[in-house]
Structure formats: C-alpha cells, structure tokens
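In the numbering used here, the protein residues as written are -1 to 258.
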C-alpha cells in the first residue's frame, strides 16, 4: 500500500498544483511567508484559499520566473534534509510557474526568507533552492554536489524587492501587498539584527513609492517569548507570545483590512 501511495504522490501533486492552481478562479491570496505569517493568519477567519511559497526568497522567485530550468528537483534533496518538514516547502516551488492567472485578493509576505535563508545551486545542472543551513545534513557529499551562495546581500535587497513587486503588479495589477517584518527583539546575532534594520528601511521606503505595498512592523519593546517556552526552543528567537501576533493584526487592520 505504501509503495502504491508513493507512486501516486507525484500524480496527485501535479493535479493539485499544475491544474488546480493554474485554473483557480475562486477567490484566493498569495503567501510568501513563514511562521510569522501563519501565526498572524490564525487570528482571521473566512479568508480565501492560500497559495504559499514559504521558501521562495525574493531573488529566487525572480530567477524561477525568468528561467524555468532553475526550478528545484526536491526528490533529489530528500536524503540531504535534516528537517523533513522543510522539504514540502521546497517541493511547492517546482510548481511556481503554475500560479493562477486570476488576481489574488492580496499578497502576504514576511521577512524570514531574505533575513535568514541561504541560496544553494546544484553544481552540474544549475537548479536552485533556498533554506537554512540547519535544515540540511552537514555532510561532505552535500557540498560536493551543491554550491552555497549565501544570504541575499543587503546591497541587492532594494532592487530585488522592486523587481518582485513590479512582477506582481505587471501580472495581477496593484493588488495589496502586506510585508510583515519579523521582530528582532529576541535575536542576539548582530549580523541578523543588521539585516533586519536594513530590510525595515528598504520596505518602508518602497511603501512610500508604491501605494499598494504596506510595510507592517510593530513596537518591539513588549515582544516576548511564547508562554512556557522550553529552553531548547529559545535557540530560535522568531516565535512570540500572543500579544505580538495581535499587534500585527491591529497594524494590518489600521493600514488596510485583510477581510472585506
């Protein structure tokens, strides 16, 4: 039974992504977010269907759209993943060229992909994907087959975001784009704090130039760990208490409500 199920899985995914996404005419919204987006959305109900590309770093999405040969081959990555829950997020990107033509109601992004995700390139074939180093098994065989291209450079961020937002506008018109900035209050690594500050400034400035782009940040002075956070989870400073997520919802609603 398991063999049959694994055999049918690629067919099921092709139907789900290539057909259901491409010819989706019902109300929907596009996500490009990690846990911050998920946790804020929990405080909404009756939203349309979501199509989310969690591991779609902004520059990577632009490359995929320009050159379909760069789309990932996730089946080749399975033995190399230290976190199996990340692999489905990479697999979804194989179908990035199947986005619905019907405009989404809105686009919801958060900053995690450009903040922390690394770009990797398969050396002989050139296809690419993004994830954190900690998502991968640290073996010599990986570095022999895949080149590490690092984080998105800060000096490239503004141009990359402008190109991505222009892509969305050219395809679907000026649909609302909500960009949520992960709070950095619990983070101690200075390089990531620097990246966070740069991203806030860049997106805030773009939002002044593009009326459909909404830069959503909160006052971080009251940001706390989730209640009863075990010590091992404090190595990941990007999960927060309920009040933090409610603060994001409040700021979103003050700018332009998600629900109508």
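Idealized CB from N, CA, C, for every residue including glycine.
Looking from the CA of residue 94, the closest CA among 126, 108 and 121 belongs to 126. In the structure shown, residue 58 falls within a helical segment according to DSSP collapsed to helix, strand and coil. Looking at 135, 102 and 57, the one whose alpha-carbon comes closest to that of residue 24 is 102. Residue burial is scored here from C-beta neighbours: residue 27 has at least 16 other C-beta atoms within 10 angstroms and is therefore classed as buried. Your pair residue 108 and residue 180 checks out as a contact, with CB atoms roughly 6 Å apart and the cut at 8 Å. The distance from the Cβ of residue 177 to that of residue 216 is about 13 Å, inconsistent with a contact at the 8 Å cut-off. Remark: fewer than three beta-carbon pairs, one from each stretch, lie closer than 8 Å, so the segment 114 to 121 and the segment 39 to 48 are not flagged as touching. Annotation: residue 78 to residue 84 spans about 11 Å, alpha carbon to alpha carbon. The three-state secondary structure of residue 35, taken from DSSP, is helix. At a Cβ-Cβ threshold of 8 Å, residue 111 and residue 56 count as neighbours. Looking at the DSSP output, residue 175 shares a beta bridge with 105 and 211. Distance from the CA atom of residue 123 to the CA atom of residue 193, rounded to whole angstroms, is 31 Å.
Taking a C-beta distance under 8 Å as the contact criterion, residue 105 and residue 156 do not qualify as a contact pair.
Judged by DSSP in its simplified three-state form, residue 227 adopts coil rather than helix or strand. Looking at 130, 140 and 235, the one whose alpha-carbon comes closest to that of residue 150 is 130. Rounded to the nearest angstrom, the gap between the Cα atoms of residue 89 and residue 62 is 13 Å. When only Cα atoms are considered, residue 138 and residue 208 end up about 45 Å apart. In this chain, residue 84 is not harboured by any alpha helix (DSSP H), its DSSP state being neither H nor E. Between residue 204 and residue 234, the C-beta gap is not smaller than 8 Å, which leaves the two residues out of contact.
A distance below 8 Å separates the beta carbons of residue 69 and residue 91.
A residue is called buried once 16 or more other Cβ atoms fall within 10 Å of its Cβ, and residue 244, having fewer, is exposed.
Annotation: the continuous beta strand (DSSP E) that includes residue 49 extends over 47 to 50. In this structure, residue 174 and residue 202 do not form a Cβ contact; the two beta carbons are roughly 16 Å apart against a cut-off of 8 Å.
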